[in-house]
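Numbering (this note's numbering), first residue to last: 6 to 163.
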């Protein structure tokens, strides 16, 4: 049985260590996505998130097995934030060694398409406490083909 959904702001102060870093990362994402429609919004707006990431060795694997380094991910996030509304609710966070698993319910609207998905994202940290690997796993209904257009040109791994 899945744990009850809670607002991230209600639980964030209950955590320390790398789990807290992941929750801070998530709060920053929300704040930056909310500003995505502001004039002049660009990859530079992701600088606060980049401070939590080992940008030279970062790798993100998305729900379609697409692989991105930090500059590619920042460009992807910028495009997404400019056209999306996003919010999330907290389910659970688990920290073991240098790995944190964050479970959320994520709700987004892109154009006229709205969705709610269950996500489980793993964050792996280096010795300096920076995110080096992020992998996203989703439970969702099949997306509208229009939604998948934002992935055109992104390399998918086998």
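Glycine included, every Cβ here is placed at the ideal spot set by N, Cα and C.
By the neighbour-count definition (other C-beta atoms within 10 Å, threshold 16), residue 63 is a buried residue.
Listed in chain order, the beta strand (DSSP E) runs fully inside the stretch 46-74 are 64-66, counting runs of at least 3 residues. Residue 86 places its beta carbon 8 Å or farther from that of residue 159. Take the alpha-carbon of residue 30 and the one of residue 136: they are about 10 Å apart.
Note on geometry: alpha-carbon atoms of residue 23 and residue 103 lie some 8 Å from one another. The residues 23, 24, 27 and 128, in chain order, have a CB closer than 6 Å to that of residue 105 in the same chain once the five nearest residues on each side in sequence are set aside.
A Cβ-Cβ distance of about 5 Å is found for the pair residue 113 and residue 89, placing them in contact under the 8 Å criterion.
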